[in-house]
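Residue numbers (the numbering used here), protein chains in the order written: chain A, 1 to 110; chain B, 1 to 120.
Don't be surprised by glycine CBs; every beta carbon is placed ideally from N, CA and C.
Structure first, then comments.
If you want it as structure tokens, here you go:
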């Protein structure tokens with residue numbers, strides 16, 4: 001399995017909305033509604049942000065939303081805040097009890 | 001509240017075996033529906049799923065690492081462990097343990113991660 005493709009970086013000003021794409025294939029993102037998203041701050045444990053494509057775990061801000069179209073999943077951050085500056089990774093089930101992560105996106109708040 | 005903590009050597013010599021343990025606290029590793037994973041982040045690169053184990057001992061591995069990886073569970077100590085054989089500098093990474101809900105690529109709880117450097 002090849003890593004899912006994400007943009008290396010995305011930036012936005014406070015209050016704006018940004019979208020991070022996660023492109024896979026018809027064997028992973030396109031086939032299963034099992035895409036999750038994670039926020040990584042340096043030196044901290046990764047944070048679980050989205051599961052099953054668009055579901056938010058308890059405690060995750062509703063400024064974070066996600067969707068999927070074809071082989072591409074997307075994470076949208078609305079009302080961008082300084083604390084959102086982090087690395088974001090998508091992950092998809094790829095069949096046969098195998099998972100694949102995305103290449104990661106660095107979000108910068110200008 | 002369930003917490004995970006990785007432990008093990010931070011330095012491993014090339015060609016030897018990397019061994020890490022993840023201790024689960026605040027809950028039982030034998031609770032049904034949870035799968036216990038190892039994930040790593042290579043320097044300057046993305047996350048890579050290594051494999052997972054169920055409390056019954058069933059394991060699944062990343063095909064790219066399968067020949068060198070072994071994950072085991074010790075329910076009496078509420079721990080699961082990773083062994084990666086024949087390591088090279090390319091295995092230098094931050095290693096995380098994580099809990100996966102229903103094997104649905106939903107890693108809801110992660111350890112802090114532990115840096116492992118492979119030296120020549």
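I want to see whether chain A comes within less than 8 Å of residue 65 of chain B, judged by CB atoms only; does it? no
Integer-rounded CB distance, given that residue 116 of chain B should sit under 8 Å from residue 90 of chain B: With a Cβ gap of about 12 Å, residue 90 of chain B and residue 116 of chain B do not count as contacting.
Considering only the alpha carbon of each residue, which of B/105, B/9, B/25, B/17 lies closest to residue 69 of chain B? B/17
Based on DSSP bridge pairs, tell me the residues matched to residue 107 of chain B. B/100
Reduced DSSP secondary structure (H/G/I, E/B, other) of residue 87 of chain A: strand
Note down, in chain order, every chain B residue with its Cβ under 8 Å from the Cβ of residue 91 of chain A. Listed along chain B, the residues sitting closer than 8 Å to residue 91 of chain A by beta-carbon distance are 47, 49, 105, 107.
Presumed contact (8 Å Cβ cut-off) between residue 24 of chain A and residue 97 of chain A, rounded CB distance: Cβ-Cβ separation between residue 24 of chain A and residue 97 of chain A: approximately 17 Å, too far for a contact (criterion under 8 Å).
With burial defined as no fewer than 16 other Cβ atoms inside 10 Å of the residue's Cβ, what is the status of residue 1 of chain A: buried or exposed? buried
Straight-line Cα distance separating residue 56 of chain A from residue 53 of chain B: 25 Å
Cβ of residue 51 of chain A within 8 Å of any chain B Cβ: yes
Where the beta strand (DSSP E) containing residue 47 of chain B begins and where it ends: 47 to 53
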